[in-house]
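In what follows, a single structure is set out as structure tokens and then discussed.
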Amino acid sequence: MAGFNRNLTLVTTLLIFHQLCSNVSCSTSNSFTRNHTIREGDSLISEDESFELGFFTPKNSTLRYVGIWYKNIEPQTVVWVANREKPLLDHKGALKIADDGNLVIVNGQNETIWSTNVEPESNNTVAVLFKTGDLVLCSDSDRRKWYWESFNNPTDTFLPGMRVRVNPSLGENRAFIPWKSESDPSPGKYSMGIDPVGALEIVIWEGEKRKWRSGPWNSAIFTGIPDMLRFTNYIYGFKLSSPPDRDGSVYFTYVASDSSDFLRFWIRPDGVEEQFRWNKDIRNWNLLQWKPSTECEKYNRCGNYSVCDDSKEFDSGKCSCIDGFEPVHQDQWNNRDFSGGCQRRVPLNCNQSLVAGQEDGFTVLKGIKVPDFGSVVLHNNSETCKDVCARDCSCKAYALVVGIGCMIWTRDLIDMEHFERGGNSINIRLAGSKLGGGKENSTLWIIVFSVIGAFLLGLCIWILWKFKKSLKAFLWKKKDITVSDIIENRDYSSSPIKVLVGDQVDTPDLPIFSFDSVASATGDFAEENKLGQGGFGTVYKGNFSEGREIAVKRLSGKSKQGLEEFKNEILLIAKLQHRNLVRLLGCCIEDNEKMLLYEYMPNKSLDRFLFDESKQGSLDWRKRWEVIGGIARGLLYLHRDSRLKIIHRDLKASNILLDTEMNPKISDFGMARIFNYRQDHANTIRVVGTYGYMAPEYAMEGIFSEKSDVYSFGVLILEIVSGRKNVSFRGTDHGSLIGYVRLFSLTINFQV
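As numbered in mature numbering (1 follows the signal peptide of the UniProt record, and there is no 0), residues -26 to -1, 1 to 726 make up the sequence shown, in order.
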């Protein structure tokens, strides 16, 4: 009997608890219907427990709001607010489904202060919080039928999976409006959204005034943000739906490269857009980027018909008028007030009585963020695009933009920025007189210069013939330069080094050699003196008059190693002194010739001994150990002990040279970069080096540091130990040497 009473009590308790939960909700599921109510202390939690919906109070406030935030992330990060304009004054509010099927918030007097305000087909609806953070009101009988969703009514945050509607007939979609302050979710004075007119772009507004824009979307990146190419998450994320809906709408969306990542874009109360990714290891938000982030990214910073360049100091002229234009107010311009912009020096001639040959023409600007308010014309041919602009007297400029097509500008050219990398070329319309004069004048000048040129050519031929013997003796004297001259640092030309390094400080005092002296030392670059060939050109062996041997790297005209890499070699190696670094003896810069002179390494490069079966026996285990140690010492010197902190970026077997005693020396610093000692990493959109030796974060995201060289060194160690090339495993199950080398914790400890 006692047992029966206990069971009866338990059943009664469960029934009462169930009834209470039916009335008050006790909800921790991801959905609720008309029979449930969300009150203070209750919440909806998405199926994967990523997001939570409930009541919250902002920092430094007593008002209550219904919102969605990340679950289990501190501090609380709110991504959506329902009643941002009508907060609750107390803790007596409730979220429920009304009799008409709408989702509503009511206060303690049961007055509706917020509603989804739609017209469902029936009142049998359900509210569901999805794992994307989207709150959806849908039919309870058919949950594929949606009536309303929070993603279509955002506040200040753009989440992966959210769709932003784009429809030119509807105009600007200012979808995202930030909080007024961090304690007040009511709408602030800024907004962010899509401007679909012309080529669509993201815009931040301050009231009706533009504060920043992304530049047109070209189906891959926003052209005004060329550094998007540096970020994997950027490249992967943005998509534009296709084909359009019946009303012509398309949708901008964003998908994270890793669906497990928490990524969010939001607009701050001060109108700055930021992108964050949640770092699970340190449990904090990592800031990936923000806009505007520089002075030149501020909208139309330099005024109309002017270009802003962030590579320049503002006091020394960050703003400059386009060629053919001048400041509207020169006195303001002199005082570094560029807001007035620029104006044409000479009006356009279109529709006016023209002097023959004075028609308008175009001048090109390269590496530019194209101006705002451009129109897209359905042409993909440069000449056709030019003709469209030339025939329209109101056309100020045109550009053929990859991924967009022909763009023309009929309004003032505003908000232009110059990029060191990326950007587009834009053709600016100018009066014919600003393009070098008319055809008649041009013909006259051509005749004049032709006559002068012919006279000067004849004069030069006569001088060469007259002083042929003296010239020959002078050139022969140049051939007698010796290595002792190098050691004494005798300078034979000062101008080439200035061409190379410009205004760089601490320029190395490096000997410059004439082309003839180097040609003489290498036997006119004879084939029998050829040591090797690569993407940079050819390496030759040379001998100076006292018998000292050198190696000459001669860059070819088709060399991938351009002027920047050549400068790198001179600026870096000349300053470095270490027994495990190759020594640079001098250089030659003459006409189109660029050559570097190194100490000669008779055993050439390490890869010859590692991968040539006939030479592998020359490297016993002791010698391999010494080679590894020597490379490590050279690398440590570059990273920690030298005057400069240097990241090599192309460490591999072919760039390790061996002297007569098989001592290793690191060479080829064309890809190297200098760090200051407070800097631990850097980014680049130009990933250079050799695949197979690149660290994953460098190859995929352009992030390089000391760790990048250490990774390459690790691959090199595996090659030295195994005698196998890293790339020799392509097409096999292993894929690479790293995949081939496996560690075991059981009977076999190590396998190579």
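Backbone N, C-alpha and C define an ideal beta-carbon position, used for all residues, glycine too.
All of these numbers come straight from a predicted model, not from anything done at the bench.
Practice task
Using the DSSP secondary-structure output, state which residues sit across from residue 84 in a beta bridge.
Solution key: The sequence position of residue 84 within the sequence shown is 110, counting from 1. According to DSSP, which records beta bridges pairwise, residue 84 is partnered with nothing at all.
Problem - Through-space distance from residue 213 to residue 112, alpha-carbon basis - result: By one-based count along the sequence shown, residue 112 stands at place 138. By one-based count along the sequence shown, residue 213 stands at place 239. Distance between the alpha carbons of residue 112 and residue 213: 26 Å.
Handout entry: Residues sharing a beta bridge with residue 71, DSSP
Key = Stepping through the sequence shown from its first residue, residue 71 is reached at position 97. Answer is 77.
Exercise for the section: Please determine if the segment 564 to 578 and the segment 672 to 691 are in contact, where contact requires at least 3 C-beta pairs separated by less than 8 Å. Expected result: no
Handout entry: residue 667 - DSSP class collapsed to helix/strand/coil
Key = As a working note, residue 667 is residue 693 in the sequence shown. Coil.
Problem - Contacts around residue 272, its chain only, beta-carbon distance under 8 Å, and the 5 residues preceding and following it disregarded - result: Position 298 of the sequence shown, counted from the first residue, corresponds to residue 272. Hits under 8 Å: 185, 186, 266.
Handout entry: Beta-bridge pairing of residue 350 - partner residues as DSSP gives them
Key = Numbered from 1 along the sequence shown, position 376 holds the residue referred to as residue 350. Answer is 381.
Problem - Local Cβ density within 10 Å of residue 308, reported as buried at 16 or more and exposed below that - result: What you label residue 308 is simply residue 334 of the sequence shown in a count that begins at 1. Answer is exposed; the Cβ neighbour count stays below 16.
Problem - Assigned exposure category for residue 429 - 16 Cβ within 10 Å defines buried - result: Working through the sequence shown from its first residue, we reach residue 429 at position 455. By the 10 Å Cβ count, residue 429 comes out exposed.
Handout entry: Own chain partners of residue 581 with C-beta closer than 7 Å, once the 5 adjacent residues on each side are dropped
Key = One-based indexing of the sequence shown puts residue 581 at position 607. Same-chain partners within the cutoff: 627, 628.
Exercise for the section: Throw me the rounded Cβ distance for the residue 257 and residue 237 pair, which I believe falls under 8 Å. Expected result: Against the sequence shown, residue 257 aligns to sequence position 283. Against the sequence shown, residue 237 aligns to sequence position 263. With a Cβ gap of about 16 Å, residue 257 and residue 237 do not count as contacting.
Problem - Buried or exposed (CB count within 10 angstroms, at least 16 for buried), residue 462 - result: Walking along the sequence shown from the start, residue 462 turns up at place 488. Residue placement at residue 462 is poorly supported in this model, since its pLDDT is 37, which falls under 50; the coordinates still yield a value, given next. Answer is exposed; the Cβ neighbour count stays below 16.
Problem - residue 320 and residue 190 closer than 8 Å at C-beta - result: Here residue 320 is taken as the residue at index 346 of the sequence shown, counted from 1. Here residue 190 is taken as the residue at index 216 of the sequence shown, counted from 1. No.
Problem - Buried or exposed (CB count within 10 angstroms, at least 16 for buried), residue 163 - result: Within the sequence shown, the letter at position 189 stands for residue 163. Result: exposed.
Problem - Alpha-carbon to alpha-carbon, residue 122 and residue 299 - result: As a first step, residue 299 is located in the sequence shown; it is residue number 325 there, counting from the start. As a first step, residue 122 is located in the sequence shown; it is residue number 148 there, counting from the start. Whole-angstrom Cα-Cα distance: 53 Å.
Handout entry: For residue 398: DSSP bridge partner residues
Key = Locating residue 398 in the sequence shown gives position 424, where the first residue counts as 1. Its beta-bridge partners are 342.
Practice task
Select from 425, 218, 525 the residue whose C-alpha is nearest the C-alpha of residue 493.
Solution key: Reading the sequence shown from its first residue, position 519 is the one you call residue 493. It is 525.
Practice task
Might you give, ordered along the chain, the residues of its own chain that have their beta carbon closer than 6 Å to the beta carbon of residue 55, omitting 5 neighbours on each side?
Solution key: Counted from its first residue, the sequence shown places residue 55 at position 81. 39, 41, 129, 159, listed in sequence order.
Exercise for the section: Report yes if the C-beta distance between residue 585 and residue 593 is below 8 Å; otherwise report no. Expected result: Indexing the sequence shown from 1 puts residue 585 at position 611. Indexing the sequence shown from 1 puts residue 593 at position 619. No, they are not a contact pair.
Problem - For residue 485, the three-state DSSP class (helix, strand or coil) - result: Numbered from its first residue, the sequence shown carries residue 485 at position 511. Coil, per DSSP.
Handout entry: Given residue 151 as reference, the closest of 137, 135, 127 once Cα atoms are compared
Key = What you label residue 151 is simply residue 177 of the sequence shown in a count that begins at 1. Among 137, 135, 127, the Cα nearest to that of residue 151 is on 127.
Handout entry: Burial state of residue 297, where buried means 16 or more other Cβ atoms lie within 10 Å
Key = Here residue 297 is taken as the residue at index 323 of the sequence shown, counted from 1. Looking at its Cβ environment, which holds fewer than 16 other Cβ atoms inside 10 Å, residue 297 is exposed.
Problem - residue 459, DSSP secondary structure in three states - result: Counting from 1 along the sequence shown, the entry for residue 459 is found at position 485. The predicted position of residue 459 is uncertain, since its pLDDT is 39 and thus under 50; a value taken from the coordinates is nonetheless stated next. In this structure, residue 459 counts as helix in the three-state DSSP scheme.
Problem - Backbone secondary structure at residue 116 - three-state DSSP - result: Within the sequence shown, numbered from 1, the residue matching residue 116 stands at position 142. In the structure shown, residue 116 sits in coil (DSSP, three-state: anything other than H, G, I, E or B).
Handout entry: Beta-carbon gap between residue 403 and residue 360 smaller than 8 Å
Key = Locating residue 403 in the sequence shown gives position 429, counting from the first residue. Locating residue 360 in the sequence shown gives position 386, counting from the first residue. No, they are not a contact pair.
Exercise for the section: Please report how far the alpha carbon of residue 262 lies from the alpha carbon of residue 45, in whole angstroms. Expected result: Mapped onto the sequence shown, residue 262 falls at position 288. Mapped onto the sequence shown, residue 45 falls at position 71. C-alpha separation (whole angstroms): 22 Å.
Practice task
Report yes if the CB atom of residue 348 is closer than 8 Å to the CB atom of residue 173, and no otherwise.
Solution key: As a position in the sequence shown, residue 348 is number 374, starting the count at 1. As a position in the sequence shown, residue 173 is number 199, starting the count at 1. Cβ atoms of residue 348 and residue 173: closer than 8 Å.
Handout entry: Burial state of residue 167, where buried means 16 or more other Cβ atoms lie within 10 Å
Key = Working through the sequence shown from its first residue, we reach residue 167 at position 193. The residue in question, residue 167, is buried, as its Cβ has 16 or more Cβ neighbours within 10 Å.
Problem - Nearest-angstrom Cα separation, counted from residue 21 out to residue 608 - result: Position 634 of the sequence shown holds residue 608. Position 47 of the sequence shown holds residue 21. Whole-angstrom Cα-Cα distance: 54 Å.
Practice task
Could you give the DSSP three-state label for residue 443: helix, strand or coil?
Solution key: Reading the sequence shown from its first residue, position 469 is the one you call residue 443. Low confidence applies here, because residue 443 scores a pLDDT of 43, under 50, leaving its location unreliable and the question unanswered by this model.
Practice task
Compute the distance between the beta-carbons of residue 648 and residue 619, then report whether it is under 8 Å.
Solution key: Here residue 648 is taken as the residue at index 674 of the sequence shown, counted from 1. Here residue 619 is taken as the residue at index 645 of the sequence shown, counted from 1. Closer than 8 Å, so yes.
Practice task
Evaluate contact between the segment 70 to 86 and the segment 139 to 146, counting only Cβ atoms and requiring at least three cross-stretch pairs below 8 Å.
Solution key: no
Practice task
Return the CA-CA distance between residue 295 and residue 614, expressed in angstroms with no decimal places.
Solution key: The residue labelled residue 295 in the question sits at position 321 within the sequence shown. The residue labelled residue 614 in the question sits at position 640 within the sequence shown. Rounded to whole angstroms, residue 295 to residue 614 spans 45 Å at the Cα level.
Problem - Distance, residue 137 Cα to residue 90 Cα - result: Counting from one through the sequence shown, the residue named residue 90 turns up at place 116. Counting from one through the sequence shown, the residue named residue 137 turns up at place 163. Near 18 Å, if we compare the C-alpha coordinates of residue 137 and residue 90.
Handout entry: Cut-off 6 Å between Cβ atoms - residues of its own chain near residue 682, not counting five sequence neighbours on either side
Key = For this step, residue 682 is matched to residue 708 along the sequence shown. If we look at residue 682 and ignore the five residues flanking it on each side, its Cβ neighbours are 669, 672.
Practice task
For residue 133, count neighbouring Cβ atoms within 10 angstroms of its own Cβ and tell me buried if that reaches 16, exposed if not.
Solution key: Numbered from 1 along the sequence shown, position 159 holds the residue referred to as residue 133. The residue in question, residue 133, is buried, as its Cβ has 16 or more Cβ neighbours within 10 Å.
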